[in-house]
Amino acid sequence: MSDDNRSDDTRTPPNKPDDHKKPGFDALIEDVFGLNLRGLKTIWALIRNPSDVFDAARHEHWQNRFTPSIRLYFSLIALTVFFQFIWAGPHSYMRDAFREQFILIQDLPNFGRFDVDRATDLAIDAYLLISPIIVGAFMLLTACCLFIWGKGTGFVTRIRLFFAAMVPFTVVNFFFTIATTHASPDKGILIAAIAFTTMLIVNMVTAYRGLKTVHTGSARFWKSLLYSVVVIFAFILLGTLSQIIVGIWASLQIVNQDLAMIAIEGIVRT
Numbered sequence: 003m004s005d006d007n008r009s010d011d012t013r014t015p016p017n018k019p020d021d022h023k024k025p026g027f028d029a030l031i032e033d034v035f036g037l038n039l040r041g042l043k044t045i046w047a048l049i050r051n052p053s054d055v056f057d058a059a060r061h062e063h064w065q066n067r068f069t070p071s072i073r074l075y076f077s078l079i080a081l082t083v084f085f086q087f088i089w090a091g092p093h094s095y096m097r098d099a100f101r102e103q104f105i106l107i108q109d110l111p112n113f114g115r116f117d118v119d120r121a122t123d124l125a126i127d128a129y130l131l132i133s134p135i136i137v138g139a140f141m142l143l144t145a146c147c148l149f150i151w152g153k154g155t156g157f158v159t160r161i162r163l164f165f166a167a168m169v170p171f172t173v174v175n176f177f178f179t180i181a182t183t184h185a186s187p188d189k190g191i192l193i194a195a196i197a198f199t200t201m202l203i204v205n206m207v208t209a210y211r212g213l214k215t216v217h218t219g220s221a222r223f224w225k226s227l228l229y230s231v232v233v234i235f236a237f238i239l240l241g242t243l244s245q246i247i248v249g250i251w252a253s254l255q256i257v258n259q260d261l262a263m264i265a266i267e268g269i270v271r272t
């Protein structure tokens with residue numbers, strides 16, 4: 003059989019673009035934080051003209067222009083937690099808040115004295131891990147129940163829009179979180195108050211600008227305000243609850259460890 007009559011499967015495939023291009027810095031950023039250049043462009047679009055991203059969220063693949071908002075939100079949260087973990091210094095606002103909580107817990111019935119510093123270290127590690135999960139899960143639930151995005155907006159689109167509007171808020175939260183981490187305890191409270199006021203405004207402005215193709219007039223204003231208040235309230239409430247739950251858990255862990263060590267020492271002595 004001649005070469006011309008062979009099956010097409012045996013022919014040399016045509017030249018294709020190189021699918022094995024070496025990964026660059028963009029790929030490294032995506033590997034570490036889940037962010038890439040498209041993600042950064044999406045953040046900028048949500049700051050510059052959020053209605054473009056809001057419109058794209060109503061299409062299955064985001065018009066092949068933007069990074070999905072849920073992925074972007076959790077990438078920013080991961081970035082925030084990473085730097086919180088790195089910069090949670092011995093005199094930071096977060097550490098001082100947990101220490102004060104543990105001093106109060108020691109005075110509760112059924113709680114003896116325990117090592118506050120050990121409990122603080124344990125609580126911070128647990129808080130940085132658990133808090134984003136609790137907040138993210140509750141925000142998903144809230145997104146399903148908030149009907150401000152226009153008539154006929156489906157379940158999935160509501161979630162997309164909810165998290166898209168949260169992205170600028172999360173960026174602002176990142177910078178304030180880092181500032182709070184480095185601040186002394188007395189300045190930390192002031193920074194936190196300024197942060198929540200700023201984030202309330204950022205949230206509302208983002209939602210207001212993003213909804214311009216769906217709502218007009220006072221309806222657009224009140225729906226944007228409702229969105230911002232719900233997000234900020236949930237953010238503060240869940241953060242506080244996470245801190246309390248983690249604080250009690252860490253206290254019990256340290257107390258149980260101390261009791262176990264006492265029991266072991268007693269066994270060894272006998």
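Heads up, the sequence shown is in the working numbering, so the first residue is 3 and it goes up one at a time. By construction, the Cβ of each residue, glycine as well, lies at the ideal position given by its N, Cα and C atoms.
Short check: CB of residue i to CB of residue j, under 7 Å?
i       : j       : result
Arg-160 : Thr-122 : no
Pro-52  : Gly-154 : no
Asn-205 : Phe-171 : yes
Ala-58  : Arg-67  : yes
Gly-190 : Tyr-95  : yes
Less than 8 Å between C-beta atoms, sequence neighbours within five positions excluded: which residues of the same chain meet that for residue i?
i       : result
Phe-165 : Ser-71, Ile-72, Leu-74, Tyr-75, Met-141, Ala-145
Ile-105 : Val-118
Please go through the same chain and pick out, in chain order, the residues whose beta-carbon is closer than 7 Å to the beta-carbon of residue i, but skip the five residues on each side of it.
i       : result
Ala-236 : Phe-140, Met-141, Thr-144
Ile-107 : Phe-113, Gly-249, Ile-250, Ser-253
Nearest CA to the CA of residue i: which residue from the options?
i       : options                            : result
Ala-181 : Trp-224, Gly-241, Ile-193, Ile-238 : Ile-193
Ala-80  : Trp-46, Ala-58, Leu-130, Leu-254   : Leu-130
Thr-69  : Gln-86, Leu-163, Gln-108, Arg-101  : Leu-163
His-61  : Val-158, Ala-197, Ser-253, Val-216 : Val-158
Ile-136 : Ser-253, Ser-230, Ser-220, Leu-243 : Leu-243
Asn-175 : Ser-253, Cys-147, Gln-86           : Gln-86
Gly-241 : Gly-41, Ile-126, Gln-65            : Ile-126
Ser-253 : Glu-102, His-217, Trp-151          : Glu-102
Thr-82  : Thr-179, His-63, Asp-188, Gly-190  : Thr-179
Ala-195 : Lys-214, Ile-238, His-217          : Ile-238
Gln-65  : Phe-84, Thr-44, Arg-120            : Thr-44
Phe-198 : Ala-221, Val-173, Arg-222, Lys-214 : Val-173
Distance, Cα to Cα, residue i vs residue j?
i       : j       : result
Leu-124 : Ile-250 : 11 Å
Gln-245 : Thr-200 : 22 Å
Ser-133 : Ile-247 : 10 Å
Arg-8   : Asn-38  : Low confidence applies to Arg-8: its pLDDT is 45, below 50, so where it sits in the model is not reliable, and the reading given next is rough at best. Whole-angstrom Cα-Cα distance: 45 Å.
Val-207 : Asp-188 : 30 Å
Ser-77  : Gly-138 : 12 Å
Ile-269 : Asp-109 : Note that Ile-269 has pLDDT 47, beneath the 50 cutoff, so the model's placement of it is unreliable and no number is given.
Phe-177 : Thr-183 : 10 Å
Leu-202 : Val-231 : 7 Å
Lys-18  : Gly-156 : Any reading at Lys-18 must be qualified, since the residue scores a pLDDT of 47, below 50, and its modelled position is unreliable; the value itself is stated next. The alpha-carbon atoms of Lys-18 and Gly-156 are separated by roughly 40 Å.
Arg-40  : Trp-46  : 10 Å
Phe-84  : Leu-42  : 18 Å
Going along the chain, which residues of its own chain have a beta-carbon closer than 6 Å to the beta-carbon of residue i, five neighbours each way excluded?
i       : result
Leu-48  : Val-55, Val-169, Pro-170
Ala-209 : Ala-167, Ser-226, Tyr-229
Val-216 : Gly-152
Val-233 : Asn-205
Ala-128 : Val-248
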